[in-house]
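Engineer:
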Amino acid sequence: MVAIILGTRDGIKDARADRPPFLWNLLFRSSDRPGLMRSALASIFDLLALAILLDVISQFLIFRMVHPAAALLIGPVLIAFPYTSSRALANRATKWRSRRASIERSGLRSWLKKGFYAMAVAVIGAALAAPAYSQTDSSRAASAPAESPELRVVAIIAPPSVMEQNGTLTGFSIDLWNAIAARLKVKTSYQIVPDVSHLEEALRSKNADLTVGLFITSARDTDFDFSIPTLQAGLLVMVRDTGETAKTASPVWDMLRLLFSRTTIVWLGIALILVLIPAHLVWLFERQRPNGIISSPNYFPGIFEAFFWAISTLTGSPEGMPHQWVARTFAIFWIFAGVVFVAFYTAQLTTALTVEQIRGSIEGPGDLPGKQVATIAGSTAANYLGQQNAQVLEFATTDQAYKALLEKKADAVVLPAPLLLYYAAHEGKGRVKTVGPEFNTAPAAIMVQLDSPLRRKINLALIALRENGTYQQIYDKWFGTP
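When you read off a place in the sequence shown, starting at 1, and then add 168, the result is the number in the numbering used here.
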């Protein structure tokens with residue numbers, strides 16, 4: 169309607185300036201065409217821009233997508249057609265009126281009716297074109313497949329729950345979620361974070377929609393919502409595999425093992441080196457003295473008598489005292505040195521025995537108190553070990569915990585049983601072993617934001633996967649038949 173009004177206004181101006189009809193000159197007079205185009209564009213430029221803008225906004229609001237070509241084509245056509253038609257008709261009508269002023273009113277009315285009829289045809293044509301354009305875009309939108317929403321899933325690498333192979337994420341929790349996502353008809357974008365605290369922070373800050381395979385705890389249940397359990401598992405203890413089986417404790421065996429231990433051998437070697445000096449000094453000063461502790465002036469067997477005296481003095485039972493004053497003075501010093509030596513040796517042996525008893529074989533969770541145990545920071549295992557008075561070594565990833573065990577920086581690793589069983593059967597085969605039964609059993613589930621509508625949808629999908637056997641297939645793939 170605005171284009172018709174503008175066209176009528178410009179057509180009247182053309183008639184008063186005695187210019188030919190707009191549409192005729194535009195089509196058949198190339199010399200006048202540039203000027204006509206400039207004048208028309210100056211009149212309807214703002215209207216064209218507004219039409220294109222409104223068309224783009226309408227496409228986005230109705231179809232959730234924009235067709236730039238359609239907006240640039242349909243808008244100008246719907247403006248140009250009524251504008252050119254009304255401008256040409258207004259020109260002719262105005263000229264006719266000026267030329268035939270004497271014509272009776274009835275004749276004028278007839279021509280005016282024709283003009284109005286022509287303008288009505290232009291308006292009807294524009295009205296018919298708009299629904300056709302709308303119907304075309306509607307059919308395009310209907311034929312185009314609807315884009316699926318995308319959910320942001322955050323996870324940590326913890327085989328076999330979540331693992332990366334050839335640049336692709338896989339594992340029990342990943343396969344299970346992919347099956348759920350396919351049933352919900354949603355896309356998934358995965359984000360890997362270094363530890364559990366980053367998992368919780370991503371959901372708390374709404375940078376992620378959910379996380380997979382996390383154990384349910386009272387603290388987490390306060391801040392987040394959980395699906396129905398996806399897995400029921402307990403904790404397990406893993407130690408280094410030395411290839412030895414547990415032996416029955418024997419005091420005699422323990423005593424012999426200590427007497428021939430590395431500590432005892434080292435201290436005996438030190439004692440033998442130390443007694444060489446006092447033995448030679450006593451032999452040197454005492455060999456010529458009558459009634460001395462060295463009966464023979466010769467090196468052999470005199471040195472053996474001196475050697476025996478030095479050893480007995482070192483252990484606190486001297487066999488007589490030298491008569492020569494230098495040797496006697498040194499003997500007093502050597503007796504004192506022997507007392508210190510025996511005290512140090514006893515302390516070292518006691519320390520070795522204590523450490524061995526503390527770091528004895530670990531056969532289950534009951535042996536963990538006082539031991540250095542590696543686990544994941546912020547996990548349920550870390551909380552349990554703290555309550556058991558174990559020396560907890562917390563790491564960001566499972567690989568770091570396994571490395572600490574193999575490098576003897578930890579006595580054991582405590583993690584969920586599926587993780588340890590998988591590692592012991594694959595990367596750690598022959599180097600580690602699991603001991604004792606599962607303990608502190610807890611459910612693992614998909615964690616979502618608090619009051620998230622995804623919770624019910626995920627629960628329904630999980631129930632369906634259990635009913636049609638898909639869940640069991642995924643479980644058997646990673647853990648075998650339970």
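C-beta: ideal position from N, C-alpha, C; glycine also. The structure presented is a predicted model; accordingly, all values stated were derived computationally and were not measured.
Just to check, is the beta-carbon of Pro250 closer than 7 angstroms to a non-hydrogen atom of the ligand SAH?
Structural biologist: Judged by which ligands are present, the structure shown has none, so any question about the ligand SAH falls away.
Engineer: For Pro469, count neighbouring C-beta atoms within 10 Å of its own C-beta (all shown protein chains included) and say buried if the count is 16 or more, exposed if not.
Structural biologist: Classification for Pro469: exposed.
Engineer: My understanding is that Ala613 touches Ile325, with C-beta atoms under 8 angstroms, so please give their C-beta distance in whole angstroms.
Structural biologist: That pair is no contact at about 19 angstroms.
Engineer: For Phe607, list the residues DSSP reports as bridge partners.
Structural biologist: Per DSSP, Leu403.
Engineer: Which parts of the region 554–614 are runs of the alpha helix (DSSP H), unbroken and 4 residues or longer, counting only runs that do not cross its ends?
Structural biologist: Here the runs fully enclosed are 566–574 and 585–593.
Engineer: Opposite Met331 in the DSSP bridges: which residues?
Structural biologist: BP columns for Met331 point to Thr338.
Engineer: Here's the rule: buried if 16 or more other CB atoms are within 10 angstroms of the residue's CB, otherwise exposed. What is Asp393?
Structural biologist: With 16 or more Cβ atoms within 10 Å of its Cβ, Asp393 is classed as buried.
Engineer: When burial is assigned at 16 or more other CB atoms within 10 Å of the CB, is Gln492 buried or exposed?
Structural biologist: The residue is buried, with at least 16 neighbouring Cβ atoms inside 10 Å.
Engineer: What do you get for Gly534, buried or exposed, if any count of 16 or more other CB atoms within 10 angstroms of its CB means buried?
Structural biologist: So Gly534 counts as exposed.
Engineer: Is there contact here, the region 360–375 with the region 592–603, by at least three beta-carbon pairs under 8 angstroms?
Structural biologist: Contact fails: fewer than three Cβ-Cβ distances are below 8 angstroms.
Engineer: Starting from Ala439, trace the beta strand (DSSP E) both ways and give me its first and last residue.
Structural biologist: Unbroken run through Ala439 is the alpha helix (DSSP H), Arg430 to Glu454; no beta strand (DSSP E).
Engineer: Provide the residue(s) that pair with Phe394 in DSSP beta bridges, ordered along the chain.
Structural biologist: The partner list for Phe394 (beta bridge, DSSP) reads Met615.
Engineer: Does DSSP put Leu482 in a helix, a strand or coil?
Structural biologist: Leu482: helix per DSSP, three-state reduction.
Engineer: Taking only three categories from DSSP, how would you classify Gln492?
Structural biologist: The answer is coil: DSSP assigns Gln492 none of H, G, I, E or B.
Engineer: For Arg408, which beta-bridge partners are listed by DSSP?
Structural biologist: Answer is Val600, bridged to Arg408.
Engineer: Near Gln640, what residues of its chain come up, given a Cβ to Cβ distance below 8 angstroms and the 5 sequence neighbours on each side ignored?
Structural biologist: Only Arg634 meet the Cβ criterion.
Engineer: Relative to the C-alpha of Ser254, which residue among His235, Pro611, Ile180 and Ile642 is closest?
Structural biologist: When only C-alpha atoms are compared, the closest one is Ile180.
Engineer: Report back the beta-carbon spacing between Leu517 and Arg408 to the nearest angstrom; my notes put them in contact at under 8 angstroms.
Structural biologist: That belief does not hold up - the Cβ atoms of Leu517 and Arg408 are roughly 25 angstroms apart, past 8 angstroms.
Engineer: Kindly indicate which three-state DSSP category Ala545 falls into: helix, strand or coil?
Structural biologist: In this structure, Ala545 counts as coil in the three-state DSSP scheme.
Engineer: Mind checking which residues open and close the alpha helix (DSSP H) that includes Val364?
Structural biologist: That run of the alpha helix (DSSP H) goes Val364 to Arg372.
Engineer: Rounded to the nearest angstrom, how far is the Cβ of Pro586 from that of Pro317, given a contact under 8 angstroms?
Structural biologist: Contact flag wrong, Cβ pair sits at about 31 angstroms.
Engineer: Quick one: what's got a C-beta closer than 8 angstroms to Val321's C-beta in the same chain, skipping five residues either side?
Structural biologist: Same-chain partners within the cutoff: Trp345, Thr356, Ser357, Tyr358, Gln359, Ala376, Asp377, Leu378, Thr379 and Val380.
Engineer: Would you be able to state if there are at least three C-beta pairs under 8 angstroms between the region 560–578 and the region 530–549?
Structural biologist: With the cut-off at 8 angstroms, the region 530–549 and the region 560–578 touch.
Engineer: With C-beta atoms as the reference, is Val405 less than 8 angstroms away from Gly648?
Structural biologist: Cβ distance not < 8 angstroms, so Val405 and Gly648 don't count as in contact.
Engineer: Answer with buried or exposed for Ile172, where buried requires no fewer than 16 other C-beta atoms within 10 angstroms of its C-beta.
Structural biologist: Its Cβ being crowded by 16 or more others within 10 Å, Ile172 is buried.
Engineer: If we ignore side chains and look at the alpha-carbon of each, how far apart do Glu617 and Ala558 end up?
Structural biologist: Note that residue 617 is Gln in the sequence shown, not Glu. Going by the C-alpha atoms only, they are around 33 angstroms apart.
Engineer: Would you kindly report the start and end of the unbroken alpha helix (DSSP H) that includes Leu378?
Structural biologist: Here Leu378 belongs to no alpha helix (DSSP H); instead the beta strand (DSSP E) covers Leu378 to Phe383.
Engineer: Roughly how many angstroms separate the alpha carbons of Gly637 and Ala549, rounded to a whole number?
Structural biologist: So the alpha carbons of these two residues sit roughly 31 angstroms apart.
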